[in-house]
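Engineer: The structure follows.
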Amino acid sequence: MSIACPEMSVAAIKNGTVLDHISAGWALSIIKLLKLAEHKREITVGIYLPSSKLGKKDLIKIEDWELDADEVSKVALLAPDTTVTVIRNFEVVDKFSIQFPTSIEEMIDCSNPQCITQREEVTSRFLVKKTRQRVDLNCHYCSKSASLERLKATLAL
Amino acid sequence: MPAIHVPLLEDRDIISTQTLTREDIELVLDFATQLKASPQPQLLSGKLMASCFFEPSTRTRLSFESAMLRLGGQFIGFSETETTSAAKGESLSDAIRVIEQYVDVIVLRHPCAGAAQLAADVCEKPVINAGDGSNQHPTQTLTDLFSFKEACGSLDGLHLALAGDLCHGRTAHSLAIACAHFNCRLYFVCAEGLEMPQDICYQLRHQGVKFSFHRSLADVVPRLDVLYMTRIQQERLTKVASKEDLEPSCILSPELLEEAAPSMKIFHPLPRLKEIPPSIDHTPHAYYFQQAGNGLYVRQALLALLLGRLG
Numbered sequence: 019m020s021i022a023c024p025e026m027s028v029a030a031i032k033n034g035t036v037l038d039h040i041s042a043g044w045a046l047s048i049i050k051l052l053k054l055a056e057h058k059r060e061i062t063v064g065i066y067l068p069s070s071k072l073g074k075k076d077l078i079k080i081e082d083w084e085l086d087a088d089e090v091s092k093v094a095l096l097a098p099d100t101t102v103t104v105i106r107n108f109e110v111v112d113k114f115s116i117q118f119p120t121s122i123e124e125m126i127d128c129s130n131p132q133c134i135t136q137r138e139e140v141t142s143r144f145l146v147k148k149t150r151q152r153v154d155l156n157c158h159y160c161s162k163s164a165s166l167e168r169l170k171a172t173l174a175l
Numbered sequence: 004m005p006a007i008h009v010p011l012l013e014d015r016d017i018i019s020t021q022t023l024t025r026e027d028i029e030l031v032l033d034f035a036t037q038l039k040a041s042p043q044p045q046l047l048s049g050k051l052m053a054s055c056f057f058e059p060s061t062r063t064r065l066s067f068e069s070a071m072l073r074l075g076g077q078f079i080g081f082s083e084t085e086t087t088s089a090a091k092g093e094s095l096s097d098a099i100r101v102i103e104q105y106v107d108v109i110v111l112r113h114p115c116a117g118a119a120q121l122a123a124d125v126c127e128k129p130v131i132n133a134g135d136g137s138n139q140h141p142t143q144t145l146t147d148l149f150s151f152k153e154a155c156g157s158l159d160g161l162h163l164a165l166a167g168d169l170c171h172g173r174t175a176h177s178l179a180i181a182c183a184h185f186n187c188r189l190y191f192v193c194a195e196g197l198e199m200p201q202d203i204c205y206q207l208r209h210q211g212v213k214f215s216f217h218r219s220l221a222d223v224v225p226r227l228d229v230l231y232m233t234r235i236q237q238e239r240l241t242k243v244a245s246k247e248d249l250e251p252s253c254i255l256s257p258e259l260l261e262e263a264a265p266s267m268k269i270f271h272p273l274p275r276l277k278e279i280p281p282s283i284d285h286t287p288h289a290y291y292f293q294q295a296g297n298g299l300y301v302r303q304a305l306l307a308l309l310l311g312r313l314g
């Protein structure tokens, strides 16, 4: 870092994906959630970076790997302001804000002791409904709700 | 009966009233009306229903089985798990995937919430939820709505009170959600501790439904078209302050009916205990036994629609 130019610079990537405007403190959880390390690509992480939009933000860059909208949509539940930029040969080829998914799987278990998921080997699935005021998560099977706070607590590292 | 192309329900699963549109409900009710007026004893000839009751039921099971037989269909199944592979530890998923090989439609009652949805997910054949734990009982709701319409002429704009155990009663939850399609004005009457759950209230509010909370039937009876009573389960009583708190909201008396409109009708999903005394059975207001009988026609309509048979 140069004294004359105090901003922290994050090197550009040639090919890959940049997840920017991640809610501060959530980058590592998102890496785990999206299983990014399994791709064995170079990943750069910035945590609690300054942001004119959010105050503080996290940032993830993954080299030579393109994430699509469906794949990253579950991130919306943790970091709704996240933007996704896909880069090829140093050029931005796609940029979008993440959208909330309609459902999520294997992110959280149903807490209803009477739910069939307590007795059968079933992948947990919650339906996501976003209104202006709130985000509702309802078990696909028994319809009981789960709070976004519990989801975040489950996924926080 | 005229041939009508109705893509809305054929091969659908009926798991929850949440997924039924107003059009779906009206289709079932209209067809049930037709079948009640003009029986079709061969409508489901050649069709086979699985009656899979993992927990006891009399009314629902018998009405489904009667519905199938009276339309010329057949059924196979069980009403207790001791004689099934469930006793050997077989999963519900596996059981359903085997059973569907033998039948055209599955009717399922199970003690676990969400069981019917799981069955529908693994099964190619239509699945009808006959009650999954404390979660949903959509055919009861359809029977209730059919009976309201039969008694009152229309569902639109009804002033309807739900009374009793609104916290744990799956029929009350399903009915409140379904009534949202018809711009009903709802009154929730219950003792402290038995209130309609907040997530149901939130959903109703979000759909623009007008509703209010009351501790006494006397407050609402004069305003009603429909009074829907539900049973208080004895094991829940420990959560209620006192019997004196319970009675005004959950126990009907002939004196209360003196304030009712002559056209007001009383419904109950049955079985009843003390909430409706037998002395009310012979008043013009009582409609709960006709309501029970209507379950046959509603289930006939549902089976015929899901199996793609119309006339």
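Here the protein sequences come in this chain order: A and B.
First residue of the first sequence: 19, per the numbering used here; consecutive thereafter.
First residue of the second sequence: 4, per the numbering used here; consecutive thereafter.
Even for Gly, the Cβ is constructed at its ideal location relative to N, Cα and C.
(1) Can you tell me which residues form a DSSP beta bridge with A/S69?
(2) Straight-line CA distance for B/L220 to B/S252?
(3) Please say whether B/G172 and A/Y159 have beta carbons closer to each other than 7 Å?
(4) Measuring CA to CA, which of B/L309, B/P287, B/V31, B/L148 is closest to B/E261?
(5) Go ahead and pull the three-state DSSP assignment for A/D127.
(6) Is the beta carbon of A/F144 closer than 7 Å to that of A/K32?
(7) Which residues in chain B sit within 8 Å of A/Q117, going by Cβ to Cβ distance?
(8) May I ask which residues mark the beginning and end of the beta strand (DSSP E) holding A/C157?
(9) Mark A/K162 as exposed unless 16 or more other C-beta atoms lie within 10 angstroms of its C-beta, in which case mark it buried.
(10) Rounded to the nearest angstrom, how far is the Cβ of B/L148 from that of B/L189, given a contact under 8 Å?
(11) Is the Cβ of B/N186 closer than 7 Å to any Cβ of chain A?
(12) According to DSSP, is B/I79 helix, strand or coil?
(13) Whole-angstrom Cβ separation of A/A174 and A/S47, contact assumed at under 8 Å?
(14) In this structure, what does DSSP give as the bridge partners for B/A164?
(15) Checking contacts by CB at 7 Å: is B/Q120 closer than that to chain A?
(16) Output yes if chain B places a C-beta closer than 7 Å to the C-beta of A/Y66; else output no.
(17) Note the first and the last residue of the continuous alpha helix (DSSP H) segment covering B/D124.
(18) My assumption, with CB atoms under 8 Å, is that A/E138 sits in contact with B/S96. Please give the rounded CB distance.
(19) Mark A/F45 as exposed unless 16 or more other C-beta atoms lie within 10 angstroms of its C-beta, in which case mark it buried.
(20) So does the segment 298–306 of chain B actually touch the segment 129–147 of chain B, counting three or more Cβ pairs closer than 8 Å?
(21) Quick check: what's the CA-CA separation for B/V106 versus B/M52?
(22) State whether the segment 266–279 of chain B contacts the segment 32–52 of chain B, with contact taken as three or more CB pairs (one from each stretch) at a distance under 8 Å.
(23) Measuring only the C-alpha atoms, how far is A/M147 from A/S129?
(24) Please name the residues in the segment 96–117 of chain B whose beta-carbon is closer than 7 Å to at least one beta-carbon of chain A, in chain order.
(25) Assuming B/C319 is part of the alpha helix (DSSP H), what are its boundary residues?
(26) Check whether chain B comes within 7 Å of A/S165, counting only Cβ atoms and requiring the distance to be less than that.
(27) Does the beta carbon of B/G211 sit closer than 7 Å to a beta carbon anywhere in chain A?
(28) Which whole-angstrom value is the C-beta distance of B/V108 and B/P129, which I expect to be below 8 Å?
(29) Which same chain residues end up closer than 6 Å to B/G136 when comparing Cβ atoms and leaving out the 5 residues on each side of it in sequence?
(30) Closer than 9 Å, Cβ to Cβ, to anything on chain A: give me those residues from the segment 135–154 of chain B, in chain order.
(31) On the three-pair Cβ rule with 8 Å, is the segment 300–309 of chain B touching the segment 62–82 of chain B?
(32) Is it right to say B/A263 is buried, meaning 16 or more other beta carbons lie within 10 angstroms of its own, or is it exposed?
(33) When burial is assigned at 16 or more other CB atoms within 10 Å of the CB, is B/F151 buried or exposed?
(34) Under 7 Å Cβ-Cβ, which residues of chain A neighbour B/D202?
(35) In whole angstroms, what separates the C-alpha of B/F56 from that of B/I17?
(36) Verify whether the separation of the beta carbon atoms of B/M232 and B/G167 is less than 7 Å.
Structural biologist: A quick look at the data gives this:
(1) A/G73
(2) 5 Å
(3) no
(4) B/P287
(5) coil
(6) no
(7) Under the 8 Å cutoff, chain B gives no residues; its nearest Cβ is about 21 Å from A/Q117.
(8) 153–157
(9) buried
(10) Contact doesn't hold; Cβ gap of about 14 Å is too wide.
(11) no
(12) strand
(13) 6 Å
(14) B/Y190, B/L230
(15) yes
(16) no
(17) 118–125
(18) 6 Å
(19) With the sequence shown as reference, residue 45 of chain A is identified as Ala, and Phe is not the correct amino acid for it. Looking at its Cβ environment, which holds 16 or more other Cβ atoms inside 10 Å, A/A45 is buried.
(20) yes
(21) 6 Å
(22) no
(23) In the sequence as presented, Met is not what sits at residue 147 of chain A; that position holds Lys. Distance between the alpha carbons of A/K147 and A/S129 is about 19 Å.
(24) S96, C115, A116, G117
(25) In this structure chain B extends from 4 to 314, so residue 319 of chain B is not present and cannot be described.
(26) no
(27) no
(28) 5 Å
(29) P114, C115, A116
(30) D135, G136, S137, N138, Q139
(31) yes
(32) buried
(33) buried
(34) S163
(35) 16 Å
(36) yes
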